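Enquirer: Quick one: this structure, given as structure tokens, is what I'll be asking you about.
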Amino acid sequence: MEPTNDLRSGRPNEPRESIVPLLERHSISELVAVLQESAEKHLPQLDSILHDLLLKSELTVFEEVNQLAFKEGSWFRPIHNRVVPLCMLHIISATDCQRDLMYPALNHDAGMSLIAIECTHAGADWENKDKRKLHMELGAAYCRQQLTNLQAQGTLLITAGRINQLAEIVGTHDNPYLGIDLVAEEAKLVRDADRCFVMSFTSFWKDFLAYRSDDNYLERYRAQGLLLLPQDLLAARLAFFYDSFESFPTV
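Here the sequence shown is numbered in our numbering, starting from 129 and rising by one per residue.
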């Protein structure tokens, strides 16, 4: 049998086994703690890279959004707020899109932090369509205010019309989850940066563990004769993100 890695140390440990016994031996909170520890270890390196690559105005937005994330308290928000902008930087370097798409990439989920802070709703309930809409609305308003402030300070040269366009990207970035297609190419590029995180190690296993602890979600899988194993979630995400991949619908 092929060796696998120890849960925390990364050292070869024992033959690979099914995720189900692992879930039986460890509580969801224990496994989430491992993910959190792993994510937090990467933050200093990601911060260093972003401080080297971001413009002054972008860095201002980045730091303000991180203050919101700290107040929100979700353990995964800090790494999400770093991975998505880094992916956006790569997309910008690989395409001819405008650099100012960094702003919606930096603060696209600020609305989730604002919900947790102002509305006392803890965590992200992605099955709740009203909450998805609200976080986009709050995020768009926050983005608009941020960019207007930077413009007034002379830190950012930008028109009011362009500010509205960038805020609109924030205000619609999760529309595909609501069954509404994105039309604007710039909005699709920002969404591409966002979904790079969704397919990352941290996000994938975070969501898998969340779904495994949700009786309603598990029941949807059982109704399809499934156990909700990692390959099920992976297939579902590939089907949702890529038109050429066929699988059963789950989201």
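C-beta atoms are modelled at their ideal positions from N, C-alpha and C, and glycine is treated no differently.
Model, not experiment: these values are computed from the prediction.
How close, in whole Å, do the beta carbons of Tyr-270 and Leu-306 come, if the pair is a contact with beta carbons under 8 Å?
Expert: Going by Cβ atoms, the distance from Tyr-270 to Leu-306 rounds to 20 Å, so no, they are not a contact pair.
Enquirer: Quick one, which of Ala-167, Ile-207, Pro-213 and Tyr-231 has its alpha-carbon nearest Val-298's?
Expert: Taking only the C-alpha atoms, the option nearest Val-298 is Tyr-231.
Enquirer: Scan the region 285 to 316 and note each continuous alpha helix (DSSP H) run of 4 residues or more that stays entirely inside, going in chain order.
Expert: Here the runs fully enclosed are 288 to 300.
Enquirer: How is Thr-248 classed by DSSP in three states: helix, strand or coil?
Expert: Unreliable placement is indicated for Thr-248, whose pLDDT of 48 sits below 50; the coordinate value is still reported in the next sentence. Note: Thr-248 maps to coil in three-state DSSP.
Enquirer: How long is the line joining the alpha carbons of Lys-316 and Leu-310, rounded to whole angstroms?
Expert: Near 6 Å, if we compare the C-alpha coordinates of Leu-310 and Lys-316.
Enquirer: By the 10 Å Cβ neighbour count, where 16 or more other Cβ atoms means buried, how is Pro-358 classified, buried or exposed?
Expert: Counting Cβ neighbours within 10 Å, Pro-358 comes out exposed, since fewer than 16 surround it.
Enquirer: Ordered along the chain, which non-local residues of its own chain (more than five positions away) have a Cβ less than 8 Å from that of Phe-190?
Expert: Answer for Phe-190: Leu-178, Leu-182, Asn-209, Pro-213 and Leu-234, listed in chain order.
Enquirer: Note down the Cα distance separating Phe-336 from Ala-222, rounded to an integer number of angstroms.
Expert: For Phe-336 and Ala-222, the distance between alpha carbons rounds to 31 Å.
Enquirer: Determine the DSSP secondary structure at His-170, reduced to helix, strand or coil.
Expert: Here His-170 sits in helix by DSSP.
Enquirer: Where do the N-terminal and C-terminal ends of the alpha helix (DSSP H) with Thr-188 fall, by residue?
Expert: Its alpha helix (DSSP H) spans residues 184 to 200.
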